[in-house]
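Asker:
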Amino acid sequence: MTDILFFVFAAVAAGGAFGVVLQKNPVGSLLFMVATLGSVAGIFVLFEAHFLAAIQVMVYAGAIMVLFLFVIMLLNLGHDYRRDLTRGLGMILAFGVTGLMAGLLARQFRGAEEGLSLAHVPGPEAMDALLAEKGAIGALAIPLFTDYMLAFELTGILLLVALVGAIAIAKRRA
Amino acid sequence: MDELSSTAFVISSMIKVTAAFTLMMAVVAYMTLAERRVSAFIQDRLGPNRVGKFGLLQPVADGIKNIVKEETMPATANRRFFLLAPMLAIFPAVVVFAVIPFAAPLPTPWGVVDMIIADIPVGMLYVLAFSSLGVYGMFLAGWASNNKYAFLGGLRSSSQMISYEVALGLSLVPVFMLAGNVTLTEIVWQQQQLGFWYVLPLSLAFIFFVISAFAETNRLPFDLPEAESELVTGYHTEYSSMKFSMFMIAEYAHILTVSALMATLFLGGWSVPFWSGDHMFWYDGVLISGFNAAGEAMAAEPAVWKTLLTFAAFGVKTLFFVGVFIWVRWTLPRFRYDQVMHLGWKVLLPVSIAYVALLGATILLLDQMGVTGFAFGAILTLVSGAATLAFIFFMDRGRVMEGASVASSPRGPRGAIVPDTRGVRELRDPVPAALQVREDKSGSGPTVTH
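Those sequence lines, one after another, are chains A and B.
For the first sequence, our numbering begins at 1 and goes up steadily by one.
For the second sequence, our numbering begins at 175 and goes up steadily by one.
(1) When you check each C-beta in the segment 442–456 of chain B against every C-beta of chain C, which residues fall closer than 7 angstroms?
(2) Is there at least one Cβ from chain B nearer than 7 angstroms to Leu-69 of chain A's Cβ?
(3) My guess is that Val-514 of chain B and Thr-438 of chain B are in contact by the Cβ rule of under 8 angstroms, so how many angstroms apart are they, rounded?
(4) Can you name the residues of chain B whose CB is closer than 8 angstroms to the CB of Met-58 of chain A?
(5) Quick one: list the residues of chain B neighbouring Ile-137 of chain A, beta-carbon separation under 7 angstroms, in chain order.
(6) Would a C-beta distance cut-off of 7 angstroms place Phe-18 of chain A and Gly-42 of chain A closer than the cut-off?
(7) Taking the runs of the alpha helix (DSSP H) that are 4 residues or longer, which of them lie wholly in the segment 514–577 of chain B?
(8) Given this structure, state the Cα-to-Cα distance separating Gly-577 of chain B from Asp-512 of chain B, to the nearest angstrom.
(9) Can you give, in chain order, each stretch of the beta strand (DSSP E) that sits fully within the segment 352–416 of chain B and has at least 3 residues?
(10) So, at 7 angstroms on beta carbons, what are the nonlocal neighbours of Thr-431 of chain B in its own chain, with the 5 sequence-adjacent residues on each side left out?
(11) State the Cα-Cα distance for the pair Lys-322 of chain B and Lys-24 of chain A, rounded to the nearest angstrom.
(12) Whose Cβ in chain B lies nearer than 9 angstroms to the Cβ of Phe-152 of chain A?
(13) Following the continuous beta strand (DSSP E) through Gly-285 of chain B, name the residue where it begins and the one where it ends.
(14) Against Phe-51 of chain A, what residues of chain B qualify as contacts under a CB-to-CB distance less than 8 angstroms, listed in chain order?
(15) Using DSSP's beta-bridge definition, name the partner residues of Pro-281 of chain B.
(16) So Leu-314 of chain B and Ala-259 of chain B are supposed to be a Cβ contact under 8 angstroms. How far apart are they, rounded?
(17) Less than 6 angstroms between C-beta atoms, sequence neighbours within five positions excluded: which residues of the same chain meet that for Gln-232 of chain B?
(18) Here's the rule I'm using: 16 or more other beta-carbon atoms within 10 Å means buried, otherwise exposed. How should Lys-417 of chain B be labelled?
(19) Quick one: does Val-309 of chain B have its CB under 7 angstroms from some CB of chain A?
(20) Can we say the segment 467–479 of chain B touches the segment 487–500 of chain B, given the rule of at least three CB pairs closer than 8 angstroms?
(21) Around the Cβ of Pro-587 of chain B, are there at least 16 other Cβ atoms within 10 angstroms (buried) or fewer (exposed)?
(22) What does a CB cutoff of less than 7 angstroms around Val-373 of chain B pick up in its chain, not counting 5 residues either side in sequence?
(23) Closer than 7 angstroms by beta-carbon distance: list the chain B residues that pair up with Ala-61 of chain A, in chain order.
(24) Under 7 angstroms, Cβ to Cβ, is there at least one residue of chain A near Trp-317 of chain B?
(25) How should Gly-597 of chain B be labelled, buried or exposed, when 16 other C-beta atoms within 10 angstroms of its C-beta is the threshold for buried?
(26) Pull up the distance between the alpha-carbon of Ala-581 of chain B and that of Ala-63 of chain A, whole angstroms please.
(27) Using 7 angstroms as the limit for Cβ to Cβ distance, is Val-313 of chain B near chain A?
(28) Per DSSP, what are the beta-bridge partners of Leu-461 of chain B in this structure?
(29) Within 7 angstroms (strictly less), CB to CB, does Val-66 of chain A reach chain B?
(30) Using a Cβ-Cβ distance under 7 angstroms, would Ala-176 of chain A count as near chain B?
(31) Just confirm the distance between the C-beta atoms of Leu-318 of chain B and Phe-256 of chain B, as a whole number of angstroms; I'd bet it's less than 8 angstroms.
(32) Can a CB atom of chain B be found closer than 7 angstroms to the CB of Met-73 of chain A?
(33) Using a beta-carbon distance below 7 angstroms, is Gly-19 of chain A in contact with chain B?
(34) Following the continuous beta strand (DSSP E) through Met-472 of chain B, name the residue where it begins and the one where it ends.
(35) Since Val-8 of chain A meets chain B, which of its residues come closer than 8 angstroms, beta carbon to beta carbon?
(36) Mind pulling the chain A residues with CB within less than 7 angstroms of Ile-336 of chain B?
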């Protein structure tokens, strides 16, 4: 059952990713992106990472993609960007990034075959013990607010600075 | 009492999904009738009473009518997204019900069946995740219709839902702090153990949740996305027959789900008040009813009649909130758009953050002092009650509800008695020169007769 669901979600995620690239209509691309994000959340659920799945849907599908939707619809994006994408620098960038990703994935797979890169990752038993001890949220929240507090706070400040900067720029224009 | 085997779990889940969905759709159908009858009562009319006794078959007639009516497709609409939008609208409103526990566990020959469709560990976060997807249906409907009224409605609904999602999430934080968990079964259990429904110790959070829920369901006084006096009917202007009906079903399903959530989070869910016989919770694989003085778990005694009784309690609480939704719709006028945004961002957001900090500090202090049980709940009730009174006092200073018209009007110093001139502002303002009728000495132009 879990395997079947995994393949369904994986197929939707991969298909959605192709849809994002192949769609001519930006709104269509966006909906395919939402489908992909939702399927990835489904895969997280199959891995028992419920919290991650909920946050994935809430933050990416529910908040960030809605902002994308706003931008696309309010700017009424047409097809005039397509020429930029299908020639010159756009093509070089597209193939370059794709090649880089393929290389990284291949490296990861070879490492996994040799049993190197994943050796230090604790197994599912350790994960189960952690979840039983701290719960789905505690397993993530306790390290975040203790060991990684500084990084967390710095990220918060970074976001705040970006926010203030955006408002300052918008105010000056208005 | 044992937990279910996996086969029994699958079968019982299928039965629960079917039953819950059918019941939900039936209740939604009768909510439309209730809305029309209650609105008629409030406006001193009769409402639909021709089809069946008291108009009880009206929803059936409406259903048949909607199915056989002609489907219209605007020529300039984006066909695919136009068809997709109603589906996207109805989906989040319905699936959220899966994590709401609706009765005490039911004993069967195959084991104890939980009366919840999916008791997942992230319960309430699942609700937030899916309610954040509700925007897509309305936004797409507005955009794909290629109609300016529909598009404005879609824009309004999405900005409103994004704004109030923040307040909704923050109003839930005190609940999570008090329950120590986000699963709804545990929130019900903690309320039973505390002996207080969370509406008392978390009164301000409850008020914020209700306000945000009204905004999230696009109901009056927050129904700007529909706003029939300015936008025809907003985002579903171009929809007809069953596709229009799907938006209606989505709206009422959303109301039902949100009402059930209010009942679960703040009124103890399926718990029957002043009775400990229904206390049941899975603890280390055993269904317990509580802990005795020595801290040992006591086994619960689930029974069919207890399940039915708790289901009735859940139904009464949920339908109470459904009634409040209908009552408010036919009582309050609609907000102006800037007032909606002002209330969401400048009132609910800062006040709910301050409230989270206040309650967090109180709970921490009480935990440090070792206060538990009744005293714990009572002190929190007092603190929240004071915060609620302060909030209502603040709201009543004529600054929020009146919105921009007061913000721009001259105000005296705080506490000074200023004559209430808000309603007669037009009379006090001098008529702009451009609009004044100039008296023409030659007598040929427009003249003012007295």
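No residue lacks a Cβ here, since even glycine has one placed at the ideal position from N, Cα and C.
Answerer: Let's see:
(1) No chain C appears in this structure, whose protein chains are A and B.
(2) Closer than 7 angstroms: yes.
(3) Their Cβ separation, rounded to whole angstroms, is 27 angstroms, which puts Val-514 of chain B and Thr-438 of chain B out of contact at 8 angstroms.
(4) Result: Leu-299, Leu-302, Ala-303 and Ser-306.
(5) Under the 7 angstroms cutoff, chain B gives Val-356.
(6) Against a cut-off of 7 angstroms, the Cβ pair of Gly-42 of chain A and Phe-18 of chain A comes out as no contact.
(7) Runs found: 523–543 and 547–569.
(8) In this prediction, Gly-577 of chain B has a pLDDT of 48, which is less than 50 and means its spatial position is unreliable; what the coordinates show is noted afterwards. Take the alpha-carbon of Gly-577 of chain B and the one of Asp-512 of chain B: they are about 8 angstroms apart.
(9) If we require 3 residues or more, the segment 352–416 of chain B turns out to have no beta strand (DSSP E) run fully inside it.
(10) So the qualifying residues of the chain are Ala-267, Val-270 and Phe-271.
(11) The alpha-carbon separation between Lys-322 of chain B and Lys-24 of chain A amounts to approximately 23 angstroms.
(12) Chain B residues near Phe-152 of chain A: none, gap ~17 angstroms exceeds 9 angstroms.
(13) Residues 285–287.
(14) What Phe-51 of chain A touches in chain B: Pro-295, Val-296 and Leu-299.
(15) DSSP, once it has assigned bridges, lists B:Val-286 as partnering Pro-281 of chain B.
(16) Between Ala-259 of chain B and Leu-314 of chain B the Cβ distance is about 4 angstroms, and since that is below 8 angstroms, they are a contact.
(17) Taken in chain order, the residues that qualify are Leu-207, Pro-222 and Val-225.
(18) Looking at its Cβ environment, which holds 16 or more other Cβ atoms inside 10 Å, Lys-417 of chain B is buried.
(19) Answer yes: the Cβ-Cβ gap between Val-309 of chain B and chain A drops below 7 angstroms somewhere.
(20) No, the segment 467–479 of chain B does not touch the segment 487–500 of chain B.
(21) Low per-residue confidence applies at Pro-587 of chain B: pLDDT is 42, beneath 50, and the placement is therefore not dependable, though the value from the model is reported in the following sentence. Exposed is the label assigned to Pro-587 of chain B, since fewer than 16 other Cβ atoms lie within 10 Å of its Cβ.
(22) So the qualifying residues of the chain are Phe-380, Phe-440 and Leu-441.
(23) Under the 7 angstroms cutoff, chain B gives Leu-307.
(24) Yes, because at least one Cβ of chain A sits closer than 7 angstroms to the Cβ of Trp-317 of chain B.
(25) Its pLDDT being 48, under 50, Gly-597 of chain B is placed unreliably by the model, and the measurement read from it follows with that caveat. The residue is exposed, with fewer than 16 neighbouring Cβ atoms inside 10 Å.
(26) Only weak support is given to the placement of Ala-581 of chain B: the predicted model assigns it a pLDDT of 48, under 50, and the question is left unresolved by the model.
(27) Note that residue 313 of chain B corresponds to Phe in the displayed sequence, not to Val. Phe-313 of chain B counts as touching chain A.
(28) In the DSSP assignment, Leu-461 of chain B is bridged to B:Trp-456.
(29) Answer yes: the Cβ-Cβ gap between Val-66 of chain A and chain B drops below 7 angstroms somewhere.
(30) Absent from the structure is residue 176 of chain A, since the part of chain A shown begins at 1 and ends at 174.
(31) According to the sequence displayed, residue 318 of chain B carries Ala and not Leu. Confirmed, Cβ separation roughly 4 angstroms.
(32) A Cβ of chain B is located within less than 7 angstroms of the beta carbon of Met-73 of chain A.
(33) It does not: the Cβ of Gly-19 of chain A has no partner Cβ on chain B nearer than 7 angstroms.
(34) From DSSP, the beta strand (DSSP E) with Met-472 of chain B extends over 471–473.
(35) Within chain B, no residue has its beta carbon less than 8 angstroms from that of Val-8 of chain A; the closest one is some 17 angstroms off.
(36) Val-66, listed in chain order.
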